[in-house]
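Residue numbers (our numbering): 1 to 118. Quick reminder that beta carbons are idealized off the backbone N, C-alpha and C, glycines included. Every value quoted in this text rests on a predicted model; they were computed, and no experiment measured them. This report concerns only the one structure given below.
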């Protein structure tokens, strides 16, 4: 059973933009709405890291490496979160995942692949 369904990845040139979408398909609204949700990424040979989070009250936070370039948002009616990524860099090539913050280990999805390359 898929808890989080990520989409929107692809191949983009350095400096380009992508918008990722995550649907929390198995969370009920009363659980999703107050939950802090996050976007994580895992590059080859590296540990998964949290890059952006958003609280139920829509307070956002970002890793220093993406601050000012990435924007996280949420739509509670759609039980979805989004990540707008601008000025992408080759080192940001990774699989991007969403999950709660802190993460629920049993709920990781397949993620969506982002490749930044010329």
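Between residue i and residue j, which are expected to be in contact by the criterion C-beta below 8 angstroms, what is the C-beta distance as a whole number of angstroms?
i	j	result
residue 34	residue 56	4 angstroms
residue 51	residue 70	7 angstroms
residue 114	residue 9	5 angstroms
residue 3	residue 25	7 angstroms
residue 90	residue 65	That belief does not hold up - the Cβ atoms of residue 90 and residue 65 are roughly 13 angstroms apart, past 8 angstroms.
Let me check one thing: in DSSP terms, what residues is residue i bridge-paired to?
i	result
residue 10	114
residue 21	7 and 82
Quick one: using the 10 Å Cβ neighbour count with 16 as the cut-off for buried, is residue i buried or exposed?
i	result
residue 6	buried
residue 53	buried
residue 59	exposed
residue 80	buried
residue 78	exposed
residue 88	buried
residue 28	exposed
residue 23	buried
Comparing the C-beta of residue i with each C-beta of chain B, is any distance below 8 angstroms?
i	result
residue 28	Note that chain B does not occur in the displayed structure, where there is just one protein chain.
Inset, instruction - Starting from the N-terminal side, write out each stretch of the alpha helix (DSSP H) that is 4 residues or longer and does not extend beyond the segment 32-117. - result: Entirely contained in the segment 32-117, not one alpha helix (DSSP H) run reaches 4 residues.
Inset, instruction - Spell out a yes or no on whether the segment 83-102 and the segment 36-45 are touching, meaning 3 or more CB-CB pairs, one atom from each, closer than 8 angstroms. - result: yes
Inset, instruction - Evaluate contact between the segment 76-91 and the segment 9-28, counting only Cβ atoms and requiring at least three cross-stretch pairs below 8 angstroms. - result: Contact between the segment 76-91 and the segment 9-28 is present, with at least three C-beta pairs closer than 8 angstroms.
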